[in-house]
Amino acid sequence: MQEARDIYEMCQNYSTIIIQRHVNPDEDALGSQLGLKDILQRAFPEKRIYAVGKNSDRYGWIGTMDQIEDDVYQDALVIILDCGSLERIDDERYQKARQIIKIDHHPAVDRYGNIQAVYPDASSVSELIADLVNDLPDQLSFSKEAASALYAGIIGDTGRFLYPATSQRTFEVASQLLSYQIDLATIGRKDEEITPAVAKLMGNMLAHLEVDDCGAAYYIITQDLLTSLGLKAEDAGDVVAMPGQLTTVKAWLLFVEDETGKYRVHLRSKGPKINQLALKHHGGGHELASGATVEDLDEVHVMIKELKELLQ
Ligand code: AMP
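For the record, in the sequence shown the residue sitting at position 231 is 231 according to UniProt numbering, with numbers rising by one throughout.
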């Protein structure tokens, strides 16, 4: 990573470093965050280093967040991971920081940070954190805990080495992380585990998924359905990848109604780029995996129509 030395030198200048990432964290957001925290703590045992943001029920097995008071931000360095847009940063107190470093693999929506290390071709930010360590072998090192968190992030964002952003480099990094005796089987099991209620949601989705002749698919998860299964909107994340297993599906939209009647949209594709569609609805993300939020059912149907047009 070109910015590795600058990042290290900026860290040297601060006694407090706070690491943040995007809202609704996935395995890569949490894995890169907690992995980096451990790596920096080993390099700088005298510094105060925190991982901040909401705890995740689904991915709590990767680790927990630190609770800190506002005044800790005074004179702090904040490192923001895996977040292309300012409005998606979990914990807006990042604004109180003296300086900011951004490390990301999303195409940039907002350019922010005194140092911006943005690599849209990288499989995951966890892979980028491993590159940071490898670029500074005399200064930074992995522990088993850091390697475990980064490995979880990599398998999360690559769908276990399935998605096209997976590269030769991704496998090299994964292989290196394995050399730290990480518990591959347990991490893999945690990654794929679902509750019985989520299994029912999956069944419902497979039974009712709408697929048109061009390969455009969609499914709407209502609050009523979530409530009847005892699930929260964030639990729907476990079923997002599944429509891609159907031979007839090329790209798909999963709409999840929230408590306010808006719909969180998960956009996924096997080839046609769908991030422009996300951007059109005030979202963003990667070419083949994006997110957005739409106001109501009318906008849901507009988006479905637009996906169908895209695939025609
Ligand atoms: P998700 O469907 O939430 O798993 O998100 C897929 C990808 O799109 C992830 O890389 C997210 O960080 C990104 N993403 C999700 N929602 C948004 C949004 N509203 N704006 C920008 N990027 C997003």
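Glycine is no exception: its CB is placed at the ideal position from the N, C-alpha and C atoms. Just so you know, these numbers come straight off a predicted model, no measurement behind them.
Asked: N55 to A147 span [Cα, whole Å]; Found: 20 angstroms
Asked: Buried versus exposed call for F161 [16 or more other C-beta atoms within 10 Å across all chains shown]; Found: exposed
Asked: Chain-order list of residues whose beta-carbon lies under 7 angstroms from that of R93 (same chain, five-residue window excluded); Found: D70 and Y73
Asked: Burial state of V173 (16 or more Cβ within 10 Å); Found: buried
Asked: Distance cut-off 7 angstroms: R21 Cβ against heavy atoms of the ligand AMP; Found: no
Asked: Continuous alpha helix (DSSP H) stretch holding S179: start and end; Found: No alpha helix (DSSP H) holds S179; DSSP gives it neither H nor E.
Asked: N-terminal and C-terminal residue of the alpha helix (DSSP H) that G156 is part of; Found: K144 to T158
Asked: A29 beta carbon less than 8 angstroms from that of residue 384; Found: No information on residue 384 is available, as it lies outside the stretch 1 to 312 that the chain covers here.
Asked: Span of the alpha helix (DSSP H), counted from its first residue to its last, around I17; Found: Run containing I17: none in the alpha helix (DSSP H); it sits in the beta strand (DSSP E), T16 to R21.
Asked: Residue of P45, Y8 and A97 minimising C-alpha distance to I18; Found: A97
Asked: Beta-carbon proximity list for V239, same chain, < 6 angstroms, skipping 5 on both sides; Found: L201, M202 and M205
Asked: CA-to-CA distance, A117 to M1, given in whole angstroms; Found: 8 angstroms
Asked: Cβ neighbour criterion (16 or more within 10 Å) applied to P137; Found: exposed
Asked: Residues near Y112 by beta carbon distance below 7 angstroms, same chain, minus five either side; Found: L86, I100 and K102
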